[in-house]
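What follows is one structure encoded as structure tokens, with my remarks underneath.
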Amino acid sequence: MKCPFCGDPNTQVTDTRENEDGDVVRRRRRCANCDKRFTTYERIDLKMPHIVKRNGNRTEFDHAKLAGSMKLALRKRPVTIESIDAAVDRIEARLLSLGEQEVPSEKIGELVMKELKELDKVAYIRFASVYRNFADVDEFSEVIREVQPRPRRPRNDPPAPADPENELFGD
Ligand SMILES: [Zn+2]
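Following full-length UniProt numbering, the numbering of the sequence shown begins with 1 at its first residue and continues without gaps.
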């Protein structure tokens with residue numbers, strides 16, 4: 001840290017302490033050249049990354065908007081609003097923990113799919129159909145296969161629908 005009085009780069013830290021919450025570090029510094037003292041503060045700089053869309057446009061992460069999309073995917077499904085909000089919170093925390101300035105929208109799509117897969121298989125299919133646009137038949141079959149109930153699952157998941165395609169396209 002360069003001295004604000006004489007511009008000399010040789011300053012020494014004489015004292016370091018954290019505030020009570022431990023989120024700010026205060027450092028007393030002394031300039032080796034002019035002997036003047038000054039204080040610096042160090043804070044955590046946590047910012048949500050910008051979302052880079054497929055067309056290259058940048059947009060802010062919008063909690064309400066994402067929760068709205070997920071609610072749409074989960075409409076008429078037995079999932080509470082609270083669990084949807086908790087899922088969006090987890091996605092937000094995950095994005096924050098990346099520490100990046102920008103993340104591609106595909107990354108958010110992946111995180112949403114991961115959450116939906118846990119919340120509700122039918123909603124997962126619905127979202128995946130829009131998100132992936134089912135580039136080819138194999139991909140579609142793959143998603144359908146992924147939501148088939150697995151007999152050896154240890155957890156007591158709610159029963160999967162008999163035919164997820166009926167949910168998607170009607171009987
Ligand atoms: Zn100085």
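Glycine included, each C-beta is placed from N, C-alpha and C at the ideal position.
For clarity, every value in this text was computed on a predicted model and none was experimentally measured.
With respect to the C-alpha of E18, the residue from K121, Q12, R27, T11 having the closest C-alpha is R27.
D85: member of the alpha helix (DSSP H) spanning 81-98, first to last residue.
If you look at I51, you'll find it in the beta strand (DSSP E) that goes 50-52. Cβ atoms of E92 and H63 come within 8 Å of each other, at about 6 Å. D8 has its CB nearer than 7 Å to a heavy atom of ligand 1.
Residue pairing by DSSP places F38 opposite R29 in a beta bridge. Here the alpha carbons of P78 and V88 stand approximately 17 Å from one another. Beta-bridge analysis with DSSP links E18 to V25. In the DSSP assignment, R77 forms no beta bridge with any residue. In this chain, the beta strand (DSSP E) harbouring E102 covers 102-104.
As computed with DSSP, R58 is found in a beta bridge with V52.
D23 has its alpha-carbon roughly 11 Å from the corresponding atom of L46.
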